[in-house]
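> The structure follows.
Numbering (our numbering), first residue to last: 684 to 842.
Structural data, given as structure tokens:
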């Protein structure tokens with residue numbers, strides 16, 4: 684008579700096959716989640732830039748000029764005291780913010796006037812995930828001179 688306990692359960696090979704399958708599934712899921720997070724970070728950074736552009740344009744309409752490099756994005760929150768001091772400052776131009784906004788990676792947005800890309804106005808950008816100029820993918824710079832987020836990117840975030 685055979686012992687039933689010896690036949691019950693799984694063999695080591697069966698367990699290993701299941702572990703490998705689970706590992707492959709987790710890899711696929713993790714890859715998709717990472718891509719979506721990177722796209723979401725880019726979309727959020729572009730939305731932040733668009734919001735700051737609106738605030739900068741409001742500042743210019745009120746005062747007749749953009750904030751200087753020295754005044755920076757702080758000029759959107761507090762009336763500058765350095766020249767040229769705006770006489771019609773109606774800020775803060777960024778409601779709900781008490782400090783200069785940070786990008787998705789915790790660094791301040793960069794502001795250059797006149798801009799290297801927008802020579803008639805200003806450049807506003809973040810250096811991306813790696814904090815270095817240039818780059819590709821998640822490390823690419825995100826600036827106000829670039830095209831808006833594609834419809835595919837927005838759909839990828841909402842899926």
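Glycine included, every Cβ here is placed at the ideal spot set by N, Cα and C.
Would you tell me roughly how many angstroms separate the C-alpha atoms of residue 727 and residue 787, rounded to the nearest one?
Numbered from 1 along the chain shown, position 44 holds the residue referred to as residue 727. Numbered from 1 along the chain shown, position 104 holds the residue referred to as residue 787. If you take the alpha carbons of residue 727 and residue 787, they lie about 7 Å apart.
> Can you tell me whether residue 773 is buried or exposed? The criterion is at least 16 other CB atoms within 10 Å of its CB, across all chains shown.
Along the chain shown, one-based indexing puts residue 773 at 90. With fewer than 16 other Cβ atoms within 10 Å, it is exposed.
> Give me the DSSP bridge partner(s) of residue 795.
For the purposes of this step, residue 795 is taken as the residue at position 112 of the chain shown. DSSP output for residue 795 lists 806 as bridge partner(s).
> I think residue 742 touches residue 776, with their Cβ atoms under 8 Å apart; what is that distance to the nearest whole Å?
Against the chain shown, residue 742 aligns to sequence position 59. Against the chain shown, residue 776 aligns to sequence position 93. Yes, residue 742 and residue 776 are in contact; Cβ-Cβ is about 5 Å, under 8 Å.
> Please classify residue 756 as buried or exposed, where buried requires at least 16 neighbouring CB atoms within 10 angstroms.
In the chain shown, counting from the first residue as 1, residue 756 sits at position 73. Buried, because 16 or more other Cβ atoms sit within 10 Å of the Cβ of residue 756.
> Is DSSP giving residue 820 helix, strand or coil here?
Mapped onto the chain shown, residue 820 falls at position 137. If DSSP states are grouped into helix, strand and coil, residue 820 belongs with the helices.
> Can you give me the C-alpha to C-alpha distance between residue 809 and residue 754, rounded to a whole angstrom?
Reading the chain shown from its first residue, position 126 is the one you call residue 809. Reading the chain shown from its first residue, position 71 is the one you call residue 754. So the two alpha carbons sit approximately 18 Å from each other.
> Would you identify the three-state DSSP class for residue 755, choosing helix, strand or coil?
As a first step, residue 755 is located in the chain shown; it is residue number 72 there, counting from the start. DSSP places residue 755 in helix when its eight states are reduced to three.
> What's the gap between the Cα of residue 782 and the Cα of residue 707?
Against the chain shown, residue 782 aligns to sequence position 99. Against the chain shown, residue 707 aligns to sequence position 24. When rounded, the distance between both Cα atoms is 44 Å.
> How would you call residue 750, buried or exposed, if buried means at least 16 neighbouring beta carbons within 10 angstroms?
Here residue 750 refers to the residue found at position 67 of the chain shown. Buried.
> Measure how close the beta-carbons of residue 821 and residue 829 come, nearest whole angstrom, since I'm counting them as under 8 Å.
Taking the chain shown and counting its residues from 1, one reaches residue 821 at position 138. Taking the chain shown and counting its residues from 1, one reaches residue 829 at position 146. 15 Å between Cβ atoms; not a contact.
> If you follow the alpha helix (DSSP H) that residue 719 is part of, which residue opens it and which one closes it?
Stepping through the chain shown from its first residue, residue 719 is reached at position 36. Here the alpha helix (DSSP H) through residue 719 covers 695-746.
> Which of the three DSSP states, helix, strand or coil, is assigned to residue 778?
Start at 1 with the first residue of the chain shown, and residue 778 comes out as number 95. It is coil, neither helix nor strand.
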